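See structure below.
Number of protein chains: 2
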Amino acid sequence: MSPAPGDGLRIAQVAPLAESVPPQLYGGTERIVSYLTEELVHQGHRVTLYASGDSVTAAELVAITPRALRLDPDVIDPLAHSVRLVERVVADADRYDVIHFHTDHVQLAAMRRLRTPSVATMHGRMDLPDLAELYGEFDDVALVSISDAQRTPLPDLNWQATIYHGLPMDEIRPSLAAGHYLAFLGRTSPEKGLDDAIAIAQRAGQPLKIAAKIDPVDEEYFESRIRPLMTGEIEFVGEIQEDQKDDFLGGAAALLFPIDWPEPFGLVMIEAAARGTPVLAYPRGSVREVIDEGVTGMVVEDVDQAVAALPDLLRLPRASVRSAVEQRFSQSRMAGDYVELYRRLLAGARRDELASLPIRPTAMADLAPMNGGNAPDEAPAHG
Amino acid sequence: MSPAPGDGLRIAQVAPLAESVPPQLYGGTERIVSYLTEELVHQGHRVTLYASGDSVTAAELVAITPRALRLDPDVIDPLAHSVRLVERVVADADRYDVIHFHTDHVQLAAMRRLRTPSVATMHGRMDLPDLAELYGEFDDVALVSISDAQRTPLPDLNWQATIYHGLPMDEIRPSLAAGHYLAFLGRTSPEKGLDDAIAIAQRAGQPLKIAAKIDPVDEEYFESRIRPLMTGEIEFVGEIQEDQKDDFLGGAAALLFPIDWPEPFGLVMIEAAARGTPVLAYPRGSVREVIDEGVTGMVVEDVDQAVAALPDLLRLPRASVRSAVEQRFSQSRMAGDYVELYRRLLAGARRDELASLPIRPTAMADLAPMNGGNAPDEAPAHG
């Protein structure tokens, strides 16, 4: 790959293989990778996207698998493809100024040893007991959090920035007339708070529309705990596609987001607000960072407070809700934040390279063995 | 770690973390790792075992997790621990003459780059579509197959040897008097052929005892397809422990092994035969390599042939069944085969090191970056 024109960077985006980029169904990470990739191309960078072969992008696509793993019944061992994905990126690494991973853990050992600067955005919760020792071991690799709250369980890692998600605002049509129902959009797992959403709607005397994916693991919970609650004006519309969100979210009076887990970001909050629809949410995880209290939504502690707050919430001017999202959560702002970070990592790597020339092999480095030295002592990889 | 005494090698054994070594329940891989590790210690080598902390060994134990992942309800993300396991082995690599992985794929990228010679035993089936491209990419890493049949789907990898499993014969008590029932031992999944085992026993007019683990994924198959077949003298004894096998397998007249999948090895065949119990099996996967036709068992194509062969099978002298297993499938033979391979890998690595001195960094190699060069062109890692 030749250098990018002008001031552009040569960037690799490395997506998970579970869904295509963008995803055909549910898949928040793959959607964000898509927004970021397309915006970086739009801004004049040379971007290569490593993803499943059914992905659609204006970047150069390196297809690791013919299609998204989750939709391929022949796939029994997804890890086999992730290991291959990382190895392919390593083989190509010299072609890039920076490599951006969105693939959780499987690339950590490679990141530590890549000469090309790299960064990984953490898309999931970081409070699982499994992760503390793993990321403690890899506390030298450059990470991005998607909210400040996300990093609180593991504050001492090499966090480079919090970069909030962004949306393609030009493609999202706001609805400036208030809708006539409350909306819930998400999985039906207990942590998403659908039971409280139903209680809020019923006690407020408002209709509720539920657009939800029922994962196999959540079926029993849904049938035994949620279905019996669904009396009155409650409509279950099932899983919706991206192109139905303008209608579903834009048509709502408010989005209910009464979560019961440390939400790392909560994309649906900005998806609703981008359509002018204010958000009523519980203060877990990222919520207080994403919602502009009294502008794009309100944060409440429980069903009682939610019912009490609802009249005020419904009076928030929808045009202001939309414009606040345009300012803070556009994909151009997101891409700009990442480019700033990429340039910082690149500058740091060049400094390191100069400083270490006497001890680094200048040729055949590709074949250098990697025994030991899992944590370079003299300087962090990207300062 | 100082050099091993005398002619001994410094060996790392890297086990999966799903079960302890040895396993408390089902876990063929972990059991073989245990047999091999204990025998290597017994033969005078300095062995370090990387495994879950509830493992029991005479080797030095490096506990990666407090206990086996499958038994730990707090574990949501097992991959996090596997990635950490590999990184720990890499950090310690200079302490060993050879590193032996039993962990499927997660170590492949490390094996390619380790200065210390390494080898991975493949414990599973190699015919899954997911594996072809992955192992095609890593066709330079040294692999061991557990049967020749196992490697047929991917013949062009860097197979170093087929090394059959072995058992601690001293600890296994043979039963030289013929038993009064047929035995089935294994999972209840369709590929293990429990339906045919039942048909064989019923048509032969023999009682059948079934010692089987019912995995959650197999529950529906078992209840709908197997349970209705279980009429007559059929006894379901559930999952059995290691110390019950002398009674269960030794007390049987024959083991039925009518499998319907490419069995990579089929440990239960030698476990039965080690107790003097002959095996009646279908010719899939490793079966013709493991069974000495007419000595330790007979290979038949279907239920009809099985019923016809059973009288001859029951006349095979049980002392000869046992002694054939002692000769071909002892853990000392298995460990000897592995040591021979370790020495060959070590000699190859020393040759490579001498040949490549001018281009390899002799110091600070630990910190060498790993961009590109995923497949060294000039020589395989271990020739």
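Line order of the protein sequences matches chains C and Y.
One point on numbering: in our numbering, the residue at position 148 of the first sequence is 148, and numbering is uninterrupted.
Positions in the second sequence are counted from 1; adding 1000 to them yields our numbering.
Idealized CB from N, CA, C, for every residue including glycine.
It should be emphasised that the depicted structure is a prediction, and the values quoted were computed from it without experimental measurement.
**OP:** Measuring alpha carbon to alpha carbon, tell me which of Y:Val1237, Y:Pro1228, Y:Asp1292 and Y:Arg1173 ends up nearest Ala1183 of chain Y.
**Re:** For the purposes of this step, residue 1183 of chain Y is taken as residue 183 along the second sequence, with counting starting at 1. Considering only alpha carbons, the answer is Y:Val1237.
Subject >> Proximal residues to Val1321 of chain Y (C-beta, below 6 Å), its chain only, five neighbours per side dropped >> reply: Locating residue 1321 of chain Y in the second sequence gives position 321, counting from the first residue. If we look at Val1321 of chain Y and ignore the five residues flanking it on each side, its Cβ neighbours are Ala1273, Gly1276, Pro1278 and Thr1296.
Original post:
Name the chain C residues that come within less than 7 Å of Glu1219 of chain Y, Cβ to Cβ?
Top reply: For the purposes of this step, residue 1219 of chain Y is taken as residue 219 along the second sequence, with counting starting at 1. Near Glu1219 of chain Y there are no residues of chain C at all, since even the closest Cβ is about 14 Å away, more than 7 Å.
Original post:
Nearest chain C C-beta to Thr1362 of chain Y closer than 8 Å, yes or no?
Top reply: Taking the first residue of the second sequence as position 1, residue 1362 of chain Y is located at position 362. In this prediction, Thr1362 of chain Y has a pLDDT of 36, which is less than 50 and means its spatial position is unreliable; what the coordinates show is noted afterwards. Judged by the 8 Å Cβ criterion, Thr1362 of chain Y is not in contact with chain C.
Original post:
If you drop the 5 nearest sequence neighbours on each side, which residues of the same chain put their C-beta closer than 6 Å to that of Val1090 of chain Y?
Top reply: Your numbering for residue 1090 of chain Y matches position 90 in the second sequence. Closer than 6 Å at Cβ, skipping near neighbours: Ala1110.
Subject >> Spatial neighbours of Thr1057 of chain Y in its chain, beta-carbon cut-off 6 Å, leaving aside the 5 residues before and after >> reply: For the purposes of this step, residue 1057 of chain Y is taken as the residue at position 57 of the second sequence. Around Thr1057 of chain Y: Thr1037 and Leu1049.
Original post:
Along the chain, where does the alpha helix (DSSP H) that runs through Thr37 of chain C open and close?
Top reply: Position 37 of the first sequence, counting from 1, holds the residue named residue 37 of chain C. Counting along the chain, the alpha helix (DSSP H) containing Thr37 of chain C begins and ends at Gly28 to His42.
**OP:** Check distances from the C-beta atoms of the segment 1111-1138 of chain Y to those of chain C and list, in chain order, the residues that come in under 7 Å.
**Re:** Arg1113, Leu1114, Arg1115, Thr1116, Leu1128, Pro1129, Asp1130, Leu1131, Glu1133, Leu1134 and Glu1137
**OP:** With a threshold of 16 other CB atoms inside 10 Å of the CB of His1165 of chain Y, please say whether the residue is buried or exposed.
**Re:** Taking the first residue of the second sequence as 1, we reach residue 1165 of chain Y at position 165. By the 10 Å Cβ count, His1165 of chain Y comes out buried.
Subject >> Whole-number beta carbon distance between Ala1253 of chain Y and Ala1178 of chain Y, since they are thought to touch under 8 Å >> reply: For the purposes of this step, residue 1178 of chain Y is identified with residue 178 of the second sequence, where counting begins at 1. For the purposes of this step, residue 1253 of chain Y is identified with residue 253 of the second sequence, where counting begins at 1. Between Ala1253 of chain Y and Ala1178 of chain Y the Cβ distance is about 5 Å, and since that is below 8 Å, they are a contact.
Subject >> beta strand (DSSP E) segment containing Glu60 of chain C, residue limits >> reply: As a working mapping, residue 60 of chain C is identified with position 60 in the first sequence. First-last of the beta strand (DSSP E) with Glu60 of chain C: Glu60 to Ala63.
**OP:** Give the single residue among Y:Leu1157, Y:Asp1097, Y:Ile1163 and Y:Ala1080 whose Cα lies nearest to the Cα of Glu137 of chain C.
**Re:** Position 137 of the first sequence holds residue 137 of chain C. If we check each option's Cα against that of Glu137 of chain C, Y:Ala1080 comes out closest.
Original post:
Taking Cβ-Cβ distances shorter than 9 Å, what residues in chain Y pair up with Asp74 of chain C?
Top reply: The residue given as residue 74 of chain C occupies position 74 in the first sequence. Chain Y residues near Asp74 of chain C: Leu1128, Pro1129 and Asp1130.
**OP:** Would you give the residue range spanned by the alpha helix (DSSP H) that Arg1067 of chain Y belongs to?
**Re:** Working through the second sequence from its first residue, we reach residue 1067 of chain Y at position 67. Looking at the DSSP string, Arg1067 of chain Y is not in any alpha helix (DSSP H), and its letter there is neither H nor E.
Subject >> Same chain only: Cβ atoms within 6 Å of Asp1127 of chain Y, ignoring 5 sequence neighbours per side >> reply: Looking up residue 1127 of chain Y in the second sequence gives position 127. Within the same chain, Asp1127 of chain Y has close Cβ partners Pro1153 and Pro1262.
**OP:** Could you check how far apart the C-beta atoms of Ala120 of chain C and Val141 of chain C are, in whole angstroms? I think they sit under 8 Å.
**Re:** Start at 1 with the first residue of the first sequence, and residue 120 of chain C comes out as number 120. Start at 1 with the first residue of the first sequence, and residue 141 of chain C comes out as number 141. Rounded, the Cβ-Cβ distance is 7 Å, consistent with contact.
Original post:
Using a beta-carbon distance below 8 Å, is Leu1079 of chain Y in contact with chain C?
Top reply: Walking along the second sequence from the start, residue 1079 of chain Y turns up at place 79. Yes, contact with chain C.
Subject >> Own chain, CB closer than 8 Å to Leu1017 of chain Y, minus 5 neighbours either side, in chain order >> reply: Taking the second sequence and counting its residues from 1, the one referred to as residue 1017 of chain Y is at position 17. For Leu1017 of chain Y, where only same-chain residues beyond five positions count, the Cβ hits under 8 Å are Ala1051, Ser1052, Ile1064, Thr1065, Ala1068, Leu1069, Pro1078, His1081, Ser1082 and Leu1085.
**OP:** Could you tell me whether the Cβ of Ala1109 of chain Y comes closer than 8 Å to any Cβ of chain C?
**Re:** Walking along the second sequence from the start, residue 1109 of chain Y turns up at place 109. Answer yes: the Cβ-Cβ gap between Ala1109 of chain Y and chain C drops below 8 Å somewhere.
Original post:
How would you list, in chain order, the residues of chain C whose beta-carbon sits under 9 Å from the beta-carbon of Glu1087 of chain Y?
Top reply: Walking along the second sequence from the start, residue 1087 of chain Y turns up at place 87. Leu108, Ala109, Arg112, Leu134, Glu137, Phe138 and Asn374, listed in chain order.
Original post:
Hey, Pro1317 of chain Y and Gly1250 of chain Y are a contact pair by Cβ (cut 8 Å); roughly how many whole angstroms apart?
Top reply: Residue mapping note: residue 1317 of chain Y aligns to position 317 of the second sequence, counting from 1. Residue mapping note: residue 1250 of chain Y aligns to position 250 of the second sequence, counting from 1. With a Cβ gap of about 15 Å, Pro1317 of chain Y and Gly1250 of chain Y do not count as contacting.
**OP:** Along the alpha helix (DSSP H) that carries His1081 of chain Y, what are the first and last residues, could you check?
**Re:** Working through the second sequence from its first residue, we reach residue 1081 of chain Y at position 81. Element bounds for His1081 of chain Y: Pro1078 to Asp1092.
Original post:
What residue from C:Ala199, C:Thr188, C:Glu235 and C:Pro23 has the CA that sits closest to Ile214 of chain C's CA?
Top reply: For this step, residue 214 of chain C is matched to residue 214 along the first sequence. Nearest C-alpha to Ile214 of chain C: C:Thr188.
**OP:** Compute the Euclidean distance between the alpha carbons of Pro129 of chain C and Glu1019 of chain Y, then round it to the nearest angstrom.
**Re:** For the purposes of this step, residue 129 of chain C is taken as residue 129 along the first sequence, with counting starting at 1. For the purposes of this step, residue 1019 of chain Y is taken as residue 19 along the second sequence, with counting starting at 1. Roughly 19 Å separates the two Cα atoms.
Original post:
Do we get a CB-CB distance below 8 Å when we pair Val83 of chain C with the residues of chain Y?
Top reply: Locating residue 83 of chain C in the first sequence gives position 83, where the first residue counts as 1. Chain Y contact via Cβ: present.
Original post:
Taking 8 Å as the CB-CB cut-off, is His1105 of chain Y touching chain C?
Top reply: Taking the second sequence and counting its residues from 1, one reaches residue 1105 of chain Y at position 105. Yes - at least one Cβ of chain C is within 8 Å of the one on His1105 of chain Y.
Original post:
Which of the three DSSP states, helix, strand or coil, is assigned to Glu1137 of chain Y?
Top reply: For the purposes of this step, residue 1137 of chain Y is taken as residue 137 along the second sequence, with counting starting at 1. DSSP places Glu1137 of chain Y in helix when its eight states are reduced to three.
Original post:
Is Ser1320 of chain Y helix, strand or coil when you go by DSSP?
Top reply: Sequence index remark: in the second sequence, residue 1320 of chain Y carries index 320 (1-based). It is helical.
**OP:** Compute the Euclidean distance between the alpha carbons of Leu1341 of chain Y and Gly1027 of chain Y, then round it to the nearest angstrom.
**Re:** Indexing the second sequence from 1 puts residue 1341 of chain Y at position 341. Indexing the second sequence from 1 puts residue 1027 of chain Y at position 27. C-alpha separation (whole angstroms): 25 Å.
Subject >> Option nearest Ile226 of chain C by Cα separation, candidates C:Ile210, C:Gln241 and C:Glu239 >> reply: On the first sequence, residue 226 of chain C is found 226 positions in, with the first residue counted as 1. Ranking C:Ile210, C:Gln241 and C:Glu239 by Cα distance to Ile226 of chain C puts C:Ile210 first.
Subject >> Gln331 of chain C versus C:His180, C:Asp312 and C:Glu271, residue with shortest Cα-Cα distance >> reply: Against the first sequence, residue 331 of chain C aligns to sequence position 331. It is C:Glu271.
Original post:
What does a CB cutoff of less than 8 Å around Ala1319 of chain Y pick up in its chain, not counting 5 residues either side in sequence?
Top reply: By 1-based counting over the second sequence, the position of residue 1319 of chain Y is 319. Excluding sequence neighbours, Ala1319 of chain Y sits near Pro1174, Leu1176 and Gly1276.
Subject >> Contact under 8 Å by Cβ, Ala335 of chain C with Gln13 of chain C >> reply: Taking the first sequence and counting its residues from 1, the one referred to as residue 335 of chain C is at position 335. Taking the first sequence and counting its residues from 1, the one referred to as residue 13 of chain C is at position 13. Against a cut-off of 8 Å, the Cβ pair of Gln13 of chain C and Ala335 of chain C comes out as no contact.
Subject >> Residue from C:Pro258, C:Asp243 and C:Met230 with nearest C-alpha to Glu191 of chain C >> reply: Reading the first sequence from its first residue, position 191 is the one you call residue 191 of chain C. Of C:Pro258, C:Asp243 and C:Met230, the residue nearest in Cα terms is C:Pro258.
Original post:
How would you call Asp471 of chain C, buried or exposed, if buried means at least 16 neighbouring beta carbons within 10 angstroms?
Top reply: For residue 471 of chain C there is no data in the structure shown, the boundaries of chain C being 1 and 383.
Original post:
Near Gly8 of chain C, what residues of its chain come up, given a Cβ to Cβ distance below 7 Å and the 5 sequence neighbours on each side ignored?
Top reply: For the purposes of this step, residue 8 of chain C is identified with residue 8 of the first sequence, where counting begins at 1. The residues are Gly44, His45 and Arg46.
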